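Residue numbers (this note's numbering): 4 to 102.
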Amino acid sequence: MGTTAIVTIHGEPVIDIYESLDGSYWFITEKLYKQDSVIDGKVYKDDQILYGYAKLSACPEYAEFGNISETELNLLKPRIWKVLRKNWPVCPGVKTTSV
């Protein structure tokens, strides 16, 4: 039987990671709920609200946990992308535990 790796950020298990060209990271730890979101004056129905740790390259000292709009992340593509799961262990700040 193979081992499974659990990737965490500040003790919270990660379910997705996004990375940007400028070195910003969004570590998703939960899917919270869906809501209609208004972004730049446009309504986005059923936007998935996520919870996680955001570490922006412009101000890494203010990295924090909070709510994150999946629609906002998707609107930033191709400047940001989902990190392949096999690459999660090399993302900054994560810890990997084998179980």
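Cβ coordinates follow ideal geometry from the N, Cα and C atoms, glycine included.
Because the structure is a prediction, the values reported are computed rather than measured.
| Query | Result |
| --- | --- |
| If you measure between the beta carbons of residue 60 and residue 101, is that distance less than 8 Å? | no |
| Are the beta-carbon atoms of residue 56 and residue 13 separated by less than 8 Å? | yes |
| Give the list of continuous beta strand (DSSP E) stretches no shorter than 3 residues that lie fully inside the region 34 to 101. | 45 to 58, 67 to 72, 83 to 85 and 97 to 101 |
| Select from 90, 40 and 76 the residue whose C-alpha is nearest the C-alpha of residue 84. | 76 |
| Compute the beta-carbon to beta-carbon distance between residue 82 and residue 24, rounded to the nearest angstrom, for a pair I have assumed lies under 8 Å. | 5 Å |
| What is the rounded straight-line gap between the Cα of residue 52 and the Cα of residue 6? | 31 Å |
| Which one of 69, 33 and 74 has the shortest CA to CA distance from residue 49? | 74 |
| Can you tell me where the beta strand (DSSP E) with residue 19 in it begins and where it stops? | 19 to 23 |
| Starting from residue 11 and walking both ways along the beta strand (DSSP E), at which residues does that stretch end? | 8 to 12 |
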